[in-house]
Every structure is written in C-alpha cells, then in structure tokens.
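Engineer: Here's a structure for you.
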Amino acid sequence: MTYGDLAGASGGGAATTGGLTRRDGGTAGARLRVAIVGGGFMAEVHSRAARAARADIAGIVSSTPERSAAAAERLGIGRSYGTLDELLVDETIDVVHVTTPNALHAEQAAAVLAAGKDVVCEKPLATSVADAERLVAAAEGRTATVPFVYRFHPLVREARARFASGEAGRVLSINASYLQDWLLGSGDDNWRVDAAQGGRSRAFADIGSHLVDLVEFVSGDRVSRVSATKRTVFSERASHAAITTEDAVAVVVETRSGALGTLLVSQVAPGRKNRLWLEIAGSVESVAFDQEQPETLWVGRRKGSLIIPRDADQLSEDAARLCVVPSGHPQGYQDAFNAFVADSYAAVAGENPDGLPRFTDGLRAVRVTDAVIDSAESGTWIEMGTNND
Numbered sequence: 009m010t011y012g013d014l015a016g017a018s019g020g021g022a023a024t025t026g027g028l029t030r031r032d033g034g035t036a037g038a039r040l041r042v043a044i045v046g047g048g049f050m051a052e053v054h055s056r057a058a059r060a061a062r063a064d065i066a067g068i069v070s071s072t073p074e075r076s077a078a079a080a081e082r083l084g085i086g087r088s089y090g091t092l093d094e095l096l097v098d099e100t101i102d103v104v105h106v107t108t109p110n111a112l113h114a115e116q117a118a119a120v121l122a123a124g125k126d127v128v129c130e131k132p133l134a135t136s137v138a139d140a141e142r143l144v145a146a147a148e149g150r151t152a153t154v155p156f157v158y159r160f161h162p163l164v165r166e167a168r169a170r171f172a173s174g175e176a177g178r179v180l181s182i183n184a185s186y187l188q189d190w191l192l193g194s195g196d197d198n199w200r201v202d203a204a205q206g207g208r209s210r211a212f213a214d215i216g217s218h219l220v221d222l223v224e225f226v227s228g229d230r231v232s233r234v235s236a237t238k239r240t241v242f243s244e245r246a247s248h249a250a251i252t253t254e255d256a257v258a259v260v261v262e263t264r265s266g267a268l269g270t271l272l273v274s275q276v277a278p279g280r281k282n283r284l285w286l287e288i289a290g291s292v293e294s295v296a297f298d299q300e301q302p303e304t305l306w307v308g309r310r311k312g313s314l315i316i317p318r319d320a321d322q323l324s325e326d327a328a329r330l331c332v333v334p335s336g337h338p339q340g341y342q343d344a345f346n347a348f349v350a351d352s353y354a355a356v357a358g359e360n361p362d363g364l365p366r367f368t369d370g371l372r373a374v375r376v377t378d379a380v381i382d383s384a385e386s387g388t389w390i391e392m393g394t395n396n397d
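Counting in my numbering, the sequence shown runs from 9 upward without gaps.
And the structure:
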C-alpha cells in the first residue's frame, strides 16, 4: 500500500482498508509496529508520518531514560525504552526510525539491521564513506531507506518525468541552491556545528545532500567532478569554539553527460528559511522548482513558457500518485515526508515503490559530500569516478 493507496483509503482514490503489514505476514491484519530513536524535531516529523501511514508507534528511546520518557509523553507514544539495546531486543518491533545526531547514525543503523529489523535512517547516512559502504552491505535483503523527502513533492516527479521521457531534451546546465538563515548570527548554535557530532561537513551534509540528490533524481544524470569553496563565517558560537564546519559552500559541477552546473548552499542567508531552488535547462525546455512554493512548476521554453499547477489531471502518473488533496488545497513538507514513510513501509511489505531513496542513495550523498569538502580543502577538482553510484 503506497502513499497513493493510503490517500485513496481516506477519500482521494480507490478504497483500501487497514494499515501496512510486515513482509513475512506476521499476525493476520496486524499493523507495522515501529519505534523511534531520538527525541528532537525530526522525531516529531517521523512520528507524524508513521501515524499517517497507520503504523503503531510502539516506543521511543532518546539519549537518557529521562529524555526518553519526556519524548514519549510529548509525542503521545505509549512506551519509552531506557536504552537502544532494550528497544532492539523487543521482537514486536518491525521498523526503527533513526533520528539522532549525525555521528550516531552509522552505529545505530547497523545495530538495527543486526537485530533483524528494517530501518529508516536520517541523512547523512554516515559521516564517512567507509561507514556508509558498510551500512549498504549490512542492509542487503532488508528495507533500509533515507529521507530524501523532496523527491516526494508531486511537481518534482513531474519535472523528473519530463527529462525521463525526453520531453525536456538532454541536460545542458544546472542551477541550484539551498539557503537557510537559522545560523545567521554568532549567538545561533546547534549540535550540528560540532564536527564531533555532525561530521566534517555541516551545511553540505545537512542540506546540500538534499540538493545533490534532487539534481540527480530529476535530471537522471550524475555529478562526475566537483570544484568547491567553503566558508566558516563564525569560528565561535554561543556554546562552541574552534568551529571548523562550513556555514556556506559554493560548488561547480560537471555531470557524466557533459552538463555544467552550480550549487550554492548556505545556512547564513538572511530571510531564506528553507529555500531549495532547482532549475535544470534541457535542450528543449527548462524546469524550475522552488521548495517554498511547491504547488507550481515553471517550464521554460523559447516560445511560450508556462507555469504548471499541482493538478493530478495535468501531471504524469507518478506525480499524480502523490497528489493527495485536490489542486488549490496546498501540500507541503509534511505531506512529502508522509509519502516517503508510507512508501518505505510499502517496501517493508514487499512492494517496490518507484523513486524510494534507499541506503545506496544515502551512500551516494556521502560520497558527493566527501568530494565537495575534499575539493574545498585542497583547492582542486575532485573526480567522482564512474563506479561511485
């Protein structure tokens, strides 16, 4: 039961009943039982999506038993676990959502997989390529997904369909940016600025990974080499000193097909709250998508450019599947996240939803991030190679 099926069950399409069940069948009609690791903002987002997909959230664990209990109460979850090990020995849990700081992802996701459970792990999948590669190997035969959720905006799927069908022509150039302002001042602080918790990259690993994933997902092309420059605007913040992670990074890219592109990522851009912008020029038409205005897609032509609304009757089949309310009733970030989680659970149940980001996609993002930071630190072009998919 993919996201479109769930929407149909609530009135948007063909009727379905019940929630998603385990691949092995489990108890007849039993819903997936999931647990969450981490108790912050992303845990809230994951919990909403799990409920929208009709899973039973069986429990949550945070950094201490006290924080676990507080998170359970805040999110309306019936049980808190004292430790991750306590959660992992609970044989009733089917899927675990990992929403902790970056440096913990690899170890915790590996433990989930070793316990025989499926996993949804926040990005970055790991803070090193080697750890991400080990996770991909450990996930063999299991459902293991990464929330590159901007793939699940209907008009992103429409843009992708235009390149996949050849309607937009071949890719000529890419212009993309992801801008935020939540770390604009020296008094703004977060665990992510600490390389020990967030990894050697901050802005690019945190949001640039989304940008690269979307560029490659929509275009069907792959970044083949990068040249980057990064800046740390504040080496000291309210609770951290000697900060080395970047506030902003600019990247020139070349793709395997020969296209050129620029990527700008910043968490110090005044007034930009979460502005992901993607414009890809094809040889026939361009497409442009703005994550803060997700209800329209600009299609540029030499004559007669147009703006396409999110209207299922006008979109490709894949895009229409993700339209869960009629045009004119805005969908947004949480809807995209809900769709990602529903498709992850559908994969657990044995389906193969198109465009579902798996651990291989998470590894790809870690490799590109590593190349970007290597380039910025060395002042040279870094080749991605042809086998780094």
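Glycine included, every Cβ here is placed at the ideal spot set by N, Cα and C. Computed from a prediction, not measured in an experiment: that's the story for all the values here.
So residue 131 and residue 379 are in contact, right, with Cβ under 8 angstroms, and what is the actual spacing, rounded?
Structural biologist: Going by Cβ atoms, the distance from residue 131 to residue 379 rounds to 16 angstroms, so no, they are not a contact pair.
Engineer: Is it a yes or a no for the segment 287-294 touching the segment 191-199, going by three-plus beta-carbon pairs under 8 angstroms?
Structural biologist: No, they do not touch.
Engineer: Short of 8 angstroms in beta carbon distance, which residues of its chain neighbour residue 215, apart from the five on each side in sequence? Order them along the chain.
Structural biologist: These residues qualify, in order along the chain: 186, 188, 273, 275, 284.
Engineer: Across the segment 55-69 and the segment 114-123, are there enough close Cβ pairs to call them in contact, namely three or more that are closer than 8 angstroms?
Structural biologist: Verdict: no, contact absent.
Engineer: At 3 residues or longer, what runs of the beta strand (DSSP E) sit wholly inside the segment 292-319?
Structural biologist: Entirely contained in the segment 292-319, the beta strand (DSSP E) runs reaching 3 residues are, in chain order, 294-298, 304-308, 314-317.
Engineer: Just grab the DSSP bridge partners of residue 129 for me.
Structural biologist: BP columns for residue 129 point to 106.
Engineer: Does any residue of chain D bring its CB to less than 8 angstroms from the CB of residue 40?
Structural biologist: The chain labelled as chain D is not found in the depicted structure, where only one protein chain is given.
Engineer: Exposed or buried, what is residue 97 when buried is set at 16 or more other beta-carbons lying within 10 Å of its beta-carbon?
Structural biologist: Label assigned to residue 97: exposed.
Engineer: Tell me, to the nearest whole angstrom, how far the beta carbon of residue 344 is from that of residue 54; I am working on the premise that it is less than 8 angstroms.
Structural biologist: With a Cβ gap of about 13 angstroms, residue 344 and residue 54 do not count as contacting.
Engineer: To the nearest angstrom, how far is the alpha carbon of residue 134 from that of residue 43?
Structural biologist: Looking at the two C-alpha atoms, the distance is approximately 20 angstroms.
Engineer: Spatial neighbours of residue 157 within its chain, please: C-beta separation below 7 angstroms, excluding the five flanking residues on both sides.
Structural biologist: For residue 157, where only same-chain residues beyond five positions count, the Cβ hits under 7 angstroms are 344, 345, 348.
Engineer: Run the CB neighbour count on residue 337, radius 10 Å, all protein chains shown included, and call it buried at 16 or more, exposed below.
Structural biologist: It counts as exposed.
Engineer: Beta-carbon within less than 8 angstroms of residue 35's beta-carbon, same chain only, minus the 5 sequence neighbours each way: which residues are those?
Structural biologist: Bear in mind that the predicted position of residue 35 carries a pLDDT of just 47, short of 50, making it unreliable; the figure below should be weighed with that in mind. Once the five neighbours on either side are set aside, residue 35 has no close Cβ partner at all.
Engineer: Please report the straight-line C-alpha distance between residue 139 and residue 307, rounded to a whole angstrom.
Structural biologist: Distance between the alpha carbons of residue 139 and residue 307: 40 angstroms.
Engineer: Name the DSSP beta bridge partners of residue 270, please?
Structural biologist: DSSP, once it has assigned bridges, lists 183, 260 as partnering residue 270.
Engineer: Quick one: what does DSSP say residue 237 is sitting in, helix, strand or coil?
Structural biologist: Strand.
Engineer: Pairing CB atoms from the segment 298-316 with CB atoms from the segment 198-213, are three or more of them under 8 angstroms?
Structural biologist: Cβ pair count under 8 angstroms is below three, so no.
Engineer: If you reduce the DSSP assignment to three classes, tell me which class residue 265 lands in.
Structural biologist: Three-state DSSP puts residue 265 in coil, outside helix and strand.
Engineer: Taking the alpha-carbon positions, what's the residue 69 to residue 48 distance?
Structural biologist: Cα to Cα, residue 69 sits roughly 11 angstroms from residue 48.
Engineer: Just list the residues that DSSP pairs residue 285 with in beta bridges.
Structural biologist: DSSP output for residue 285 lists 185, 298 as bridge partner(s).
Engineer: Candidates 385, 150, 230: which alpha carbon is nearest residue 355's?
Structural biologist: Nearest of 385, 150, 230 to residue 355, Cα basis: 150.
Engineer: Extract the residue ranges of the alpha helix (DSSP H) inside the segment 310-377, only unbroken runs of 4 or more that lie entirely within it.
Structural biologist: Runs of the alpha helix (DSSP H) inside the segment 310-377: 325-329, 341-356.
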